[in-house]
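Peer 1:
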Amino acid sequence: TRQAPSLFMSLPAYNSYWVPGNVENIYWTNNNLPIGTNLDLEWSEDGGSTYSPIASVTVNKVSPNYAWTVPTPSTLPNTDTKVRVKTTSGSPNAQTSNFTITNTPPSISITTPNGGESYAIGQTIPITFTASNLPSGEPM
Numbered sequence: 477t478r479q480a481p482s483l484f485m486s487l488p489a490y491n492s493y494w495v496p497g498n499v500e501n502i503y504w505t506n507n508n509l510p511i512g513t514n515l516d517l518e519w520s521e522d523g524g525s526t527y528s529p530i531a532s533v534t535v536n537k538v539s540p541n542y543a544w545t546v547p548t549p550s551t552l553p554n555t556d557t558k559v560r561v562k563t564t565s566g567s568p569n570a571q572t573s574n575f576t577i578t579n580t581p582p583s584i585s586i587t588t589p590n591g592g593e594s595y596a597i598g599q600t601i602p603i604t605f606t607a608s609n610l611p612s613g614e615p616m
């Protein structure tokens, strides 16, 4: 028996951070959808209650992607952003878990070692870093 058609979203990933104006790739997998099936990509800034169009695409391979210029949501940061892909008939469909659109994504930078050092095998070395814009309660 043939399995029913399905879609699976892989990016954007849960708890990821995207910046307005950046181009990010949306990835999904088509399972048993015929080549030529029309799909709609949409985004939500309210946790999936309402969606706005991103683009319409046609299935031409199993693991497609779409380069999306991230919009500026009505509030920043927006932690309730979702993306979904669906057939034009609405079924099947798949959506991402919440991710964040923000102008100030978290960042971690290694300060030492910073390149050019030489260490002996088995030597203990200090690793230091700086972090900014980390969500409260996130473990380091």
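Our numbering puts the first residue of the sequence shown at 477, with every later residue one more than the last. All residues carry an ideal CB built from backbone N, CA and C; glycine is no exception. Please read these numbers as outputs of a predicted model, since none were measured by experiment.
#1: Please report the residue range of the beta strand (DSSP E) in which Gln571 lies.
#2: Spell out a yes or no on whether the stretch 487 to 506 and the stretch 560 to 576 are touching, meaning 3 or more CB-CB pairs, one atom from each, closer than 8 Å.
#3: Throw me the rounded Cβ distance for the Asn609 and Thr580 pair, which I believe falls under 8 Å.
#4: Return the residue from the list Leu509, Asn491, Ser532 that minimises the CA-CA distance to Thr555.
#5: Going by DSSP, what residue range makes up the beta strand (DSSP E) through Lys558?
#6: Do the stretch 513 to 526 and the stretch 555 to 569 make contact, defined as three or more Cβ pairs closer than 8 Å?
#7: Taking Thr606 as the reference, give the member of Pro582, Gln479, Pro510, Thr563 with the closest Cα.
#8: State the CB to CB distance for the pair Tyr527 and Val533, rounded to an integer number of angstroms; the pair is presumed to be in contact (CB under 8 Å).
Peer 2: Walking through what the data contain:
#1: If you number the sequence shown from 1, residue 571 lands on position 95. First-last of the beta strand (DSSP E) with Gln571: 569 to 571.
#2: yes
#3: Against the sequence shown, residue 609 aligns to sequence position 133. Against the sequence shown, residue 580 aligns to sequence position 104. About 5 Å separates the Cβ atoms of Asn609 and Thr580, confirming a contact at the 8 Å cut-off.
#4: Numbered from its first residue, the sequence shown carries residue 555 at position 79. Of Leu509, Asn491, Ser532, the residue nearest in Cα terms is Asn491.
#5: For the purposes of this step, residue 558 is taken as the residue at position 82 of the sequence shown. Counting along the chain, the beta strand (DSSP E) containing Lys558 begins and ends at 554 to 563.
#6: yes
#7: The residue labelled residue 606 in the question sits at position 130 within the sequence shown. With distances taken between Cα atoms, Thr606 lies closest to Pro582.
#8: Working through the sequence shown from its first residue, we reach residue 527 at position 51. Working through the sequence shown from its first residue, we reach residue 533 at position 57. Actually they are not in contact, since the Cβ atoms of Tyr527 and Val533 sit about 15 Å apart, beyond 8 Å.
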